[in-house]
Amino acid sequence: MAVSEYTNPAQVDTFQENSVLSVTPAALNVIRTLLEQRQIPGYALRVFVSGGGCSGMQYGMAFEESAREYDRVVEVEGVRLLVDPTSLMYLQGSTIDYVDSLMGGGFRIDNPNAVSTCGCGHSFRGHEAADSDAAGGCSSCSH
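In the working numbering, the protein residues as written are 1171 to 1313.
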């Protein structure tokens, strides 16, 4: 899987073992399909972390036309991913996968930085919250 990371379109680095994000072939196929269906082939997938969710932090994804000034841009086989500097602290080394099951399909992020994750896979608790007692339940997955 050819991967390159760059912080602006003029600077392209080669893939390194400790890359920002990895993407499975299943996830790449779904992202490409979504870009085609929405007729936005030149867009990138923004992957971000925000406060909320049942475990304190939650993952988010959205299509965007271009990178912002301080974004890290990761390109995997022609698919571009955008990550802002704050989200990068939480997502470094993560793998994005797409899982399809009888209960439905969806993106899943395997995050080595998460201390705990919710059963739904959309929420996690990071190291900074590890000593906190505030671990709530998930209304969407009953955990």
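In this text, a Cβ means the ideal position worked out from N, Cα and C, and glycines have one as well.
Which of the three DSSP states, helix, strand or coil, is assigned to residue 1189?
For residue 1189, the secondary structure class from DSSP, reduced to helix, strand or coil, is coil.
Under the DSSP definition of a beta bridge, which residues are partnered with residue 1278?
1267
Indicate whether residue 1261 and residue 1193 have their beta-carbon atoms separated by less than 8 Å.
Against a cut-off of 8 Å, the Cβ pair of residue 1193 and residue 1261 comes out as no contact.
Using 8 Å as the threshold, is the C-beta distance between residue 1264 and residue 1282 below it?
Note that the C-beta distance between residue 1264 and residue 1282 is below 8 Å.
Does the beta-carbon of residue 1279 have 16 or more other beta-carbons within 10 angstroms, so that it is buried, or is it exposed?
Around the Cβ of residue 1279, a 10 Å sphere holds 16 or more other Cβ atoms; the residue is buried.
Classify residue 1238 as helix, strand or coil using the three-state DSSP reduction.
coil
Would the beta-carbon of residue 1205 fall within 8 Å of that of residue 1253?
Going by beta carbons, residue 1205 and residue 1253 fall outside the 8 Å limit.
Following the continuous beta strand (DSSP E) through residue 1216, name the residue where it begins and the one where it ends.
1214 to 1221
With H, G and I counted as helix, E and B as strand and the rest as coil, what does DSSP make of residue 1291?
Since pLDDT at residue 1291 reaches only 49, below the 50 mark, its modelled position is unreliable, and the value read off the structure follows with that caveat. It is coil, neither helix nor strand.
Classify residue 1213 as buried or exposed, calling it buried when 16 or more other Cβ atoms lie within 10 Å of its own Cβ.
buried
Determine the direct distance from the alpha carbon of residue 1209 to that of residue 1270, and round the result to whole angstroms.
If you take the alpha carbons of residue 1270 and residue 1209, they lie about 23 Å apart.
With 16 as the cutoff for other CB atoms within 10 Å, does residue 1207 come out buried or exposed?
exposed
Quick check on residue 1198: does DSSP put it in helix, strand or coil?
helix
Please go through the same chain and pick out, in chain order, the residues whose beta-carbon is closer than 7 Å to the beta-carbon of residue 1196, but skip the five residues on each side of it.
Correct list, in chain order: 1267 and 1268.
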